[in-house]
Amino acid sequence: MTCLLKIGGHTAHVMFDLGSSIDAISPHFANACGIKVFELESQEHLQLGTIGSCAKFEFGTWSPITIGETNINTWWDIVNINKYSGITGSRWMQKNKYRFRAKPTELLFFPINKVELEEPSGSVKYTDADIPWPRAKWIEKYRDILSGVPETLPPLREINHQIQLINESKRYNYYMPHCPDSLKVQLSEKLERYSQAQWWISTTVPQAAPMLCIPKKNGKICTIVDY
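Read in order, the letters of the sequence shown correspond to residues 7 to 233 in my numbering.
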């Protein structure tokens, strides 16, 4: 798994390798970013993941790796690694409580402590006097949601105000459905509210489509006209 992180304040293409026991950065990256390196007393050989069949690392350095807002001071071996600017191994992951998520695109690092949750010293804290202005702005922005359903007809372009019948002389015989007793009060209130808003208009017709009264999960009534 790879991602872009900052090492020594510079963006680096880093690979997280569970099979590696070292943490390393390439000499080209260290040289380009001006990272000061130190010569090692004992020189080690490395055969995998490097440019060429065999590599030997003779230098190392301390440089912080930045994850989010946290800097972790890390020892890096200078190795002629291939393709990446840096490699973090299993020891670094275990030390910093690094875990893989189930999804391959997610990385989970060590738990955030209280120090990391503190606000920056230059942050602005809101007071009670600052609340009315954003509150009034939000109320105005979401007025149509907060004010409920308006008891007026919407513009004609937003409603289907006419239904064309294929055969107007056709007559249908059916048993008149009845509203359950437990929903009659809600149906009466809904009819009155819709009539006042002129959503529904009482009229006389030769025949009408049946209307079903169905209770919702929240206990309210749902009316469905079956055309």
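Beta carbons are placed, not taken as given, at the ideal position from N, Cα and C, and that holds for glycine.
Exercise. Do Ile-71 and Gly-92 come within 9 Å of each other at the CB atom, strictly closer than that value?
Worked result: Yes. Within cutoff.
For this session: Could you give the DSSP three-state label for Trp-206: helix, strand or coil?
Result: In the three-state reduction of the DSSP assignment, Trp-206 falls in the coil class.
Problem set entry | Option nearest Ile-28 by Cα separation, candidates Glu-45, His-34 and Thr-80 | Closest by alpha carbon: Thr-80.
For this session: For Lys-222, name the three-state secondary structure that DSSP assigns.
Result: Coil at Lys-222, not helix or strand.
For this session: Can you give me the start and stop residues for the alpha helix (DSSP H) that Lys-143 sits inside?
Result: Going by DSSP, Lys-143 is part of the alpha helix (DSSP H) stretching over 138-147.
Problem set entry | Anticipated Cβ contact below 8 Å, Ala-36 with Thr-67, distance rounded | Yes, they are in contact, since the Cβ atoms of Ala-36 and Thr-67 sit about 7 Å apart, within 8 Å.
Exercise. Using the C-alpha atoms, what's the distance from Pro-186 back to Pro-221?
Worked result: C-alpha of Pro-221 to C-alpha of Pro-186: approximately 10 Å in a straight line.
Problem set entry | For Met-21: DSSP bridge partner residues | Met-21 pairs with Thr-8 and Ile-93.
Exercise. Can you tell me the Cα-Cα spacing of Asn-218 and Met-7, whole angstroms?
Worked result: Position check: residue 218 holds Leu in this sequence, whereas Asn was assumed. When rounded, the distance between both Cα atoms is 57 Å.
Problem set entry | Host alpha helix (DSSP H) of Asn-77 (start-end) | Unbroken run through Asn-77 is the beta strand (DSSP E), 76-84; no alpha helix (DSSP H).
Problem set entry | Buried versus exposed, by CB contacts within 10 Å (16 or more), Thr-94 | By the 10 Å Cβ count, Thr-94 comes out buried.
Exercise. Which class does Pro-33 belong to by DSSP, given the choice of helix, strand or coil?
Worked result: Per DSSP, reduced to three states, the secondary structure at Pro-33 is helical.
Problem set entry | Same chain, Cβ closer than 7 Å to Pro-33, five either side skipped, listed in chain order | Counting only Cβ-Cβ distances below 7 Å, and skipping sequence neighbours, we find Ile-84 and Asn-86.
Exercise. Under 9 Å, do Ile-78 and Asn-102 count as touching if we go by C-beta distance?
Worked result: Contact: yes.
Problem set entry | Cross-strand partners of Trp-98 (DSSP beta bridge) | Beta bridge pairing from DSSP links Trp-98 with no other residue.
Exercise. Per DSSP, what kind of secondary structure is Glu-157 in: helix, strand or coil?
Worked result: The answer is coil: DSSP assigns Glu-157 none of H, G, I, E or B.
For this session: Take Ser-201 as the anchor and find which of His-184, Thr-158 and Gly-25 has the nearest alpha-carbon.
Result: With distances taken between Cα atoms, Ser-201 lies closest to Thr-158.
Exercise. Rounded to a whole number of angstroms, what is the C-alpha to C-alpha distance between Lys-120 and Met-99?
Worked result: Only weak support is given to the placement of Lys-120: the predicted model assigns it a pLDDT of 42, under 50, and the question is left unresolved by the model.
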